[in-house]
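Written below as structure tokens is the structure these notes are about.
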Amino acid sequence: MLQLISILREYRGSAHLVALRAAGVDSRTAHFMKRPDMWKQFGYTEEEAPVITDAIKAARAEAERITDRIVEPAYAVLTDAERTVLVDGMRAVKAALTA
1 MLQLISILRE YRGSAHLVAL RAAGVDSRTA HFMKRPDMWK QFGYTEEEAP VITDAIKAAR
61 AEAERITDRI VEPAYAVLTD AERTVLVDGM RAVKAALTA
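For the sequence shown, full-length UniProt numbering begins at 1 and goes up steadily by one.
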């Protein structure tokens, strides 16, 4: 089960990298926006932190929409029952990991 979850995560992650580039967001900026608290842990200095403008926020939001459009066909083939099983399984994993 965990291997399948990892594959789905990597699939979305790969699509998201493409989407970020398509939206004009570089990987350093995207990383900072997602995990600003870990900036120094990844070897960056405070001076290297990007300035996050409204335009960059809008571009990142567009990258999320692009990502969803890229991965949607993979899930569109699932029946309603299969989607329910997938979502329930993911919720169970999340609950176990956050307990």
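C-beta: ideal position from N, C-alpha, C; glycine also.
Could you give the C-beta distance for residue i and residue j, rounded to a whole number, given that I count them as a contact under 8 Å?
{"i": "residue 15", "j": "residue 71", "result": "5 Å"}
{"i": "residue 59", "j": "residue 24", "result": "5 Å"}
{"i": "residue 19", "j": "residue 67", "result": "4 Å"}
{"i": "residue 39", "j": "residue 30", "result": "At roughly 12 Å, the Cβ-Cβ gap does not stay under 8 Å, so residue 39 and residue 30 are not in contact."}
{"i": "residue 93", "j": "residue 5", "result": "6 Å"}
On the DSSP letters alone, give me the boundaries of the alpha helix (DSSP H) that residue i sits inside.
{"i": "residue 64", "result": "54 to 76"}
{"i": "residue 94", "result": "80 to 98"}
{"i": "residue 29", "result": "27 to 34"}
{"i": "residue 44", "result": "Careful: residue 44 lies outside any alpha helix (DSSP H) and carries neither H nor E."}
{"i": "residue 18", "result": "2 to 23"}
So the candidates are the options; which of them puts its Cα closest to the Cα of residue i?
{"i": "residue 7", "options": "83, 74, 92, 96", "result": "74"}
{"i": "residue 55", "options": "63, 39, 49", "result": "63"}
{"i": "residue 57", "options": "34, 47, 94, 77", "result": "34"}
{"i": "residue 69", "options": "12, 2, 1", "result": "12"}
{"i": "residue 28", "options": "77, 52, 81", "result": "52"}
{"i": "residue 32", "options": "17, 44, 22", "result": "44"}
{"i": "residue 65", "options": "3, 10, 21, 2", "result": "21"}
Considering only heavy atoms of the ligand GTP, does any lie closer than 7 Å to the CB of residue i?
{"i": "residue 89", "result": "Ligands displayed in this structure: none; no statement on the ligand GTP is therefore possible."}
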